[in-house]
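These notes concern the structure reproduced below.
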Amino acid sequence: MGWGMVVYESVVVGSSLVGLGWAGLWFLNRRLYKEYEERRALVQILFGLVFAFSCNLFQLVLFEILPVLSKDARFLNWHLDLFCLILLLVFVLPYYHCYLLLRNSGVRRQRACLAAALFLTIFLYGFWRMGIHFPMPSPEKGFFTMPQLVSRIGVIGVTVMAVLSGFGAVNLPYSYLSLFIREIDETDIKALERQLTQSMESCIAKKKKIILSKMEMERIQGSEEKLKARSFLKRIVGTVVRSVQEDQTEQDIKNLEAEVQGLEELSKQLFLEIYELRQAKIAAAYSRTWRGHFQNLLGYALSVYCVYKMLKGLQSVVFKADGSVDPVTMTITIFLRHFDIGIDVALLSQYVSLMFIGMLVGISIRGFLANVMKFFFAVSRVGTGSTTNVVLFLSEIMGMYFISSILLIRKSLANEYRVIITDVLGDIQFDFYHRWFDAIFVASASLSLLLISAQYTSRQTDKHPID
607 MGWGMVVYES VVVGSSLVGL GWAGLWFLNR RLYKEYEERR ALVQILFGLV
657 FAFSCNLFQL VLFEILPVLS KDARFLNWHL DLFCLILLLV FVLPYYHCYL
707 LLRNSGVRRQ RACLAAALFL TIFLYGFWRM GIHFPMPSPE KGFFTMPQLV
757 SRIGVIGVTV MAVLSGFGAV NLPYSYLSLF IREIDETDIK ALERQLTQSM
807 ESCIAKKKKI ILSKMEMERI QGSEEKLKAR SFLKRIVGTV VRSVQEDQTE
857 QDIKNLEAEV QGLEELSKQL FLEIYELRQA KIAAAYSRTW RGHFQNLLGY
907 ALSVYCVYKM LKGLQSVVFK ADGSVDPVTM TITIFLRHFD IGIDVALLSQ
957 YVSLMFIGML VGISIRGFLA NVMKFFFAVS RVGTGSTTNV VLFLSEIMGM
1007 YFISSILLIR KSLANEYRVI ITDVLGDIQF DFYHRWFDAI FVASASLSLL
1057 LISAQYTSRQ TDKHPID
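Numbering (the working numbering), first residue to last: 607 to 1073.
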């Protein structure tokens, strides 16, 4: 290999990593951090590094099909990428996350470092013990080897992926099918809006009473100076009367504050109900357009595919079968077997594999980032410093998620494209991860189906539970 080729491959790998790192920082600052002022530089760097190395794994999968890099360069990049990603996920992020939690709690730097080191030791022990309950590679070469660490990361990542996939497989057809879209009457929305207005007006009136009561207490307390000039008997009587008045006023204020809290909670529920009804009305109007009809057909197709995946997953769990080829690939194979259209089957298979893997990569990244945003906005408002902790936690989950995606995507590759992945990861039990994914997927999809069915039934029986 000439120096020119080495320089070319180094530029391709380096520029792609830098580009992916900047993409991760852009997503963090423009999509997640846009409403928050707390932005630690090291947290952003760690998120960008995990994002870059995670997405680079998918890029290397595509490079196995596209002849962009030589075999030696791809093999080296697989090792370096997995090494850096494992270093971040297993050692750096757990230590720094614990250290940052302690520092935010007011612990001194030295004690926080020692406590974080102790936590990392406990974390590594638990991480090692977790592998005892699952099929792991041979421990002859030690615990700190790539197959051992990737196997344990894969268990966590595949579990997260299967839970998200099971919920999405049920929720997506449910949100697409017009069968489950409610027809909303505008009078229902107007009635709730009137209730919301009355609740807010009552809340404002009670807050005014609280302010007036507090002003009355201040006036009573200010009258103490005048009582000092009176006789002893009058001062005793005035003190008793003032004490009774203050106790009554304080009790009134507490009662009003409790009523205000209840009205604010009611207003919040009414607002959410109105928003939900407005969204349902928009969805009903959209379902009557041509795009809505197309989305409805897509919903039925997704429902069929969801049932297919649940049955195949159940077959894999109960009978421990490897499962058949993906239905898309199987259809193309049957078509080419019965119709000779003069196309090189090997060449077509390569391009179909490239397109299929590209779709898997895009859907995986898009779906994960969408769930990241939902989770971030739901959790990050709990208190000061929580945004940083959530970003570090999501960085950990993101790396595990993408490593697990590689373990599952490998089976969709042709034999000649999965050789390097198998050589790099060693004697990992790949079939176990597919069966584990199927088991968690079936459980998650079944639970999601029950929850969504219960939610739909409750909406049908009780249209407006707040009323």
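Every residue, glycine too, gets a C-beta built ideally from N, C-alpha and C.
Residue i vs residue j beta-carbon contact at 8 Å
{"i": "residue 1012", "j": "residue 663", "result": "yes"}
{"i": "residue 650", "j": "residue 622", "result": "no"}
{"i": "residue 759", "j": "residue 695", "result": "yes"}
{"i": "residue 798", "j": "residue 880", "result": "yes"}
{"i": "residue 756", "j": "residue 688", "result": "yes"}
{"i": "residue 680", "j": "residue 1026", "result": "yes"}
{"i": "residue 718", "j": "residue 730", "result": "no"}
{"i": "residue 1032", "j": "residue 753", "result": "yes"}
{"i": "residue 1016", "j": "residue 1036", "result": "yes"}
{"i": "residue 761", "j": "residue 740", "result": "yes"}
{"i": "residue 994", "j": "residue 706", "result": "yes"}
{"i": "residue 768", "j": "residue 1050", "result": "yes"}
{"i": "residue 909", "j": "residue 779", "result": "yes"}
{"i": "residue 686", "j": "residue 654", "result": "no"}
Buried/exposed call for residue i, threshold 16 Cβ in 10 Å
{"i": "residue 871", "result": "exposed"}
{"i": "residue 1007", "result": "buried"}
{"i": "residue 820", "result": "exposed"}
{"i": "residue 1023", "result": "buried"}
{"i": "residue 915", "result": "buried"}
{"i": "residue 899", "result": "exposed"}
{"i": "residue 728", "result": "exposed"}
{"i": "residue 1060", "result": "exposed"}
{"i": "residue 667", "result": "buried"}
{"i": "residue 634", "result": "buried"}
{"i": "residue 1039", "result": "buried"}
{"i": "residue 670", "result": "buried"}
{"i": "residue 792", "result": "exposed"}
{"i": "residue 1014", "result": "buried"}
{"i": "residue 732", "result": "exposed"}
{"i": "residue 656", "result": "buried"}
{"i": "residue 933", "result": "Confidence at residue 933 is low in this model, with a pLDDT of 49, below 50, so the placement of that residue is unreliable and no value is reported for it."}
Supposed contact pair residue j and residue i - C-beta distance, whole angstroms, cut 8 Å
{"i": "residue 775", "j": "residue 912", "result": "4 Å"}
{"i": "residue 699", "j": "residue 1000", "result": "With a Cβ gap of about 10 Å, residue 699 and residue 1000 do not count as contacting."}
{"i": "residue 711", "j": "residue 809", "result": "Not quite, the Cβ-Cβ distance comes to about 36 Å (not below 8 Å), so this is no contact."}
{"i": "residue 763", "j": "residue 1047", "result": "At roughly 14 Å, the Cβ-Cβ gap does not stay under 8 Å, so residue 763 and residue 1047 are not in contact."}
{"i": "residue 805", "j": "residue 869", "result": "5 Å"}
{"i": "residue 726", "j": "residue 697", "result": "7 Å"}
{"i": "residue 684", "j": "residue 1030", "result": "4 Å"}
Cβ shell of residue i (< 8 Å), same chain only, five flanking positions each side left out
{"i": "residue 673", "result": "none"}
{"i": "residue 611", "result": "676"}
{"i": "residue 554", "result": "Residue coverage of the chain in this structure runs from 607 to 1073, which leaves residue 554 outside it and unanswerable."}
{"i": "residue 866", "result": "809, 812, 813 and 816"}
{"i": "residue 777", "result": "1054 and 1058"}
{"i": "residue 744", "result": "1033"}
{"i": "residue 863", "result": "816"}
{"i": "residue 795", "result": "880, 883, 884 and 887"}
{"i": "residue 648", "result": "702"}
{"i": "residue 825", "result": "none"}
Cβ neighbours of residue i in the same chain (closer than 6 Å, five flanking residues each side left out)
{"i": "residue 555", "result": "Because the chain in this structure spans residues 607 to 1073, residue 555 falls outside the shown range and cannot be described."}
{"i": "residue 691", "result": "659 and 1005"}
{"i": "residue 896", "result": "none"}
{"i": "residue 1019", "result": "none"}
{"i": "residue 1063", "result": "none"}
{"i": "residue 704", "result": "722 and 725"}
{"i": "residue 1010", "result": "760, 763, 764 and 767"}
Spatial neighbours of residue i in its chain, beta-carbon cut-off 7 Å, leaving aside the 5 residues before and after
{"i": "residue 876", "result": "798, 801, 802, 805 and 1072"}
{"i": "residue 646", "result": "994"}
{"i": "residue 1003", "result": "766"}
{"i": "residue 858", "result": "819"}
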